[in-house]
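Data block below; observations after.
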Amino acid sequence: MTRELTTRQRELFDTLKADFLAEGFESFTIDSAVKRYHCSKSTIYALGGSRDEIIRRVLISFFQDIARATAPTAESPALALRKYFAAMSEALAPVSPTFARDLAVEAVAQEVYSVNTAAAVATIKALINAGIESGEFSTPSPEFIAALIYRTMSDIQQGEYAEDIGLSAAYRELGRLILGGIAAH
1 MTRELTTRQR ELFDTLKADF LAEGFESFTI DSAVKRYHCS KSTIYALGGS RDEIIRRVLI
61 SFFQDIARAT APTAESPALA LRKYFAAMSE ALAPVSPTFA RDLAVEAVAQ EVYSVNTAAA
121 VATIKALINA GIESGEFSTP SPEFIAALIY RTMSDIQQGE YAEDIGLSAA YRELGRLILG
181 GIAAH
């Protein structure tokens, strides 16, 4: 169980999250953080016992923010799924290309992203299944669609499309394609 952060530690944590999103985190070190944020090592170590633990905690917090922003609504499954992808795209808008690159290369980031991708796909699949039941969606295999979404989300995380499209736009486009492909006609 993680103890509650002091006001100073919470401020530092929030600043780290904003700086990671803007600048990435590959070059983050405890020593550089002490110098940059004019704090003690004990203040930094209150956020995690190591560099990777701090990065993990910041990334988990970031993805929890996204999960809150994308929580499905009680509307029709089609509208809920449309809003889900729009919220995902909006939540990823502040992500810099450097942060996106670091998500692809840092082992701790890959681990956190993988867990969150699986949770996102489970949410999307539940919305697709609800849409099939309500007659809004039509697909012979929701499992195939879910696997396709998981694979695409993993490719996005690995930077497969980084040269062509940003992270936020990639999720917006994925949502558009999925919704267009499974809409009952």
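Quick note: the sequence shown, position 134, residue 134 per the UniProt record's numbering, numbers continuous.
Virtual Cβ for every residue (Gly too), placed ideally from N, Cα, C.
Beta-carbon gap between residue i and residue j smaller than 8 Å
i, j, result
"R8", "F28", "no"
"L59", "F13", "no"
"R172", "F85", "yes"
"P142", "K125", "yes"
"G175", "R82", "yes"
"L21", "P94", "yes"
"L127", "A80", "yes"
Inter-residue spacing [alpha-carbon to alpha-carbon] between residue i and residue j
i, j, result
"A71", "S42", "35 Å"
"F137", "D65", "28 Å"
"A147", "D19", "33 Å"
"A122", "E106", "24 Å"
"I165", "L92", "13 Å"
"A170", "I30", "33 Å"
"V115", "R36", "31 Å"
"R184", "A87", "With the sequence shown as reference, residue 184 is identified as Ala, and Arg is not the correct amino acid for it. The alpha-carbon atoms of A184 and A87 are separated by roughly 23 Å."
Beta-carbon contacts of residue i that lie in its chain and below 7 Å, excluding the five residues immediately before and after
i, result
"G24", "S96, T98, F99, R101, D102"
Residue nearest to residue i in terms of C-alpha spacing, selected from the options
i, options, result
"Q158", "T73, L177, E111", "E111"
"S89", "L179, A184, S168", "S168"
"E133", "E106, S40, S61, I182", "I182"
"T73", "F63, S114, Y161, A130", "A130"
"E26", "G49, R56, I165, L92", "R56"
"A119", "F63, G49, Y45", "F63"
"E11", "I44, G166, E53", "I44"
"G135", "Y113, Y37, S40, S76", "S76"
"L179", "E163, A78, A162, G166", "A78"
"E53", "Y161, E163, C39, V108", "V108"
Cutoff 8 Å; reference residue i; Cβ partners in own chain excluding five residues on either side
i, result
"T117", "Y150, M153, S154, Q157"
"Y113", "L59, F63, L103, Q157"
"C39", "R8, L12, A33"
Residues of its chain near residue i, where Cβ-Cβ distance is below 6 Å and the 5 sequence neighbours each way are ignored
i, result
"M1", "Confidence at M1 is low in this model, with a pLDDT of 41, below 50, so its placement is unreliable and the value that follows should be read with caution. Excluding residues within five positions, none has a Cβ falling inside 6 Å."
Residue-level contact to chain B via CB, residue i, 8 Å cutoff
i, result
"K125", "Looking at the structure shown, chain B is missing, and only one protein chain is on hand."
Inset, instruction - Pick out the complete alpha helix (DSSP H) segments inside the stretch 5-29, 4 residues or longer, and give them in chain order. - result: Annotation: the stretch 5-29 contains the following complete segments of the alpha helix (DSSP H) (minimum length 4 residues), in chain order: 7-23.
Legend entry - Start-end ranges of the alpha helix (DSSP H) lying completely within the stretch 123-164, minimum 4 residues: Within the stretch 123-164, the complete alpha helix (DSSP H) runs of at least 4 residues are 142-157.
Inset, instruction - Taking only runs that begin and end inside the stretch 40-118, name each unbroken beta strand (DSSP E) of 3 or more residues, in chain order. - result: With a minimum length of 3 residues, no continuous beta strand (DSSP E) run stays inside the stretch 40-118.
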